[in-house]
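K.L.:
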Amino acid sequence: MLISQHEQTLDQLQGLVEKHGDQRNALIPILQDFRDQSGQITDYAMQAVANLLKIEPSEVYGVVSFYSFLSERPQGNFVIRLCRTISCDMAGKQAVARQLENDLGITFGETTKDGRFSLEWANCMGVCDQGPAMLVNETLYTKVSPEKVGEILDSFKSRA
Ligand code: FES
């Protein structure tokens, strides 16, 4: 079941790459068409489109976070995506996740009441040797520790 969904996603994306081309500037049109056809851009689709365009998955995640019209649900001004794939998991992503939830007062999949921060899981971003990896909109952070979380959040809290 899961495999056939993945195959279908891949077929769809390959069709869109044929339509829009495989250069970096095709990323947004491809994501937009995919979103219109499928209703949402899954983690798998983000990974697959990164492979097809030969760019880092973190770049695709960043674009999807930045352009709210690509998101499947309303998101905060700052979308935090923490990698949950094995290398980052082993590097201590769970402690980072707990710290984020404590500091923001929300769990993964939620947005703070003031609409500023959303917390999302992500899959591998391609920087596995520098985990735990985390994206805030399009900014990538590596080797994130629970101690660093407060510092990172503060730097965004101070922005308009
Ligand atoms: S496992 Fe987290 S970046 Fe690859």
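For what it's worth, this note's numbering labels the leading residue of the sequence shown as 853, then goes sequentially.
All C-beta atoms, glycine included, are put in the ideal place defined by N, C-alpha and C.
Quick caveat, the model's predicted, so the values are computed rather than measured.
Looking at residue 952: is its Cβ nearer than 9 Å to the Cβ of residue 904?
P.N.:
Counting from 1 along the sequence shown, the entry for residue 952 is found at position 100. Counting from 1 along the sequence shown, the entry for residue 904 is found at position 52. Not a contact, by the Cβ cut-off of 9 Å.
K.L.:
What I want to know is whether the C-beta of residue 939 ends up closer than 8 Å to one or more non-hydrogen atoms of the ligand FES.
P.N.:
Your numbering for residue 939 matches position 87 in the sequence shown. Yes, the Cβ of residue 939 comes within 8 Å of a heavy atom of the ligand FES.
K.L.:
Under a Cβ-count criterion, where at least 16 other Cβ atoms within 10 Å of its own Cβ denotes burial, should residue 917 be classed as buried or exposed?
P.N.:
The sequence position of residue 917 within the sequence shown is 65, counting from 1. That one is buried.
K.L.:
Quick one, are the C-beta atoms of residue 862 and residue 914 less than 9 Å apart?
P.N.:
As a first step, residue 862 must be located in the sequence shown, where it is residue number 10. As a first step, residue 914 must be located in the sequence shown, where it is residue number 62. No; because the gap between Cβ atoms is not below 9 Å, this pair is not in contact.
K.L.:
Counting C-beta neighbours from all protein chains within 10 Å, is the total for residue 972 16 or more, i.e. buried, or is it exposed?
P.N.:
Taking the sequence shown and counting its residues from 1, one reaches residue 972 at position 120. Buried.
K.L.:
Is residue 981 buried or exposed, if buried means 16 or more other CB atoms sit within 10 Å of its CB?
P.N.:
Position 129 of the sequence shown, counted from the start, is the residue given in the question as residue 981. Exposed, by the Cβ-count rule.
K.L.:
Run the proximity test for residue 914: is its beta-carbon closer than 8 Å to any non-hydrogen atom belonging to the ligand FES?
P.N.:
For this step, residue 914 is matched to residue 62 along the sequence shown. Incorrect: residue 914 has no Cβ contact closer than 8 Å to the ligand FES.
K.L.:
For residue 933, does the count of other Cβ atoms within 10 angstroms reach 16, so buried, or fall short, so exposed?
P.N.:
As a first step, residue 933 must be located in the sequence shown, where it is residue number 81. Label assigned to residue 933: buried.
K.L.:
Would you tell me roughly how many angstroms separate the C-alpha atoms of residue 922 and residue 866, rounded to the nearest one?
P.N.:
To locate residue 922, count along the sequence shown from 1; it is residue 70. To locate residue 866, count along the sequence shown from 1; it is residue 14. Distance between the alpha carbons of residue 922 and residue 866 is about 19 Å.
K.L.:
Residue 846: buried (16+ other C-beta within 10 angstroms of its C-beta) or exposed?
P.N.:
The chain is shown from 853 up to 1012; residue 846 falls before or after that span and cannot be answered.
K.L.:
For residue 950, report the span of its alpha helix (DSSP H) as first-last.
P.N.:
Locating residue 950 in the sequence shown gives position 98, counting from the first residue. Unbroken alpha helix (DSSP H) run through residue 950: 945-956.
K.L.:
For residue 912, name the three-state secondary structure that DSSP assigns.
P.N.:
Translated into positions along the sequence shown, residue 912 becomes position 60. Of the three classes helix, strand and coil, the one that applies to residue 912 here is helix, per DSSP.
K.L.:
Taking the beta carbon of residue 954 as the centre, do at least 16 other beta carbons fall within 10 Å, making it buried, or is it exposed?
P.N.:
What you label residue 954 is simply residue 102 of the sequence shown in a count that begins at 1. With fewer than 16 Cβ atoms within 10 Å of its Cβ, residue 954 is classed as exposed.
K.L.:
With C-beta atoms as the reference, is residue 860 less than 9 Å away from residue 886?
P.N.:
Locating residue 860 in the sequence shown gives position 8, where the first residue counts as 1. Locating residue 886 in the sequence shown gives position 34, where the first residue counts as 1. In this structure, residue 886 does not lie closer than 9 Å to residue 860 by Cβ.
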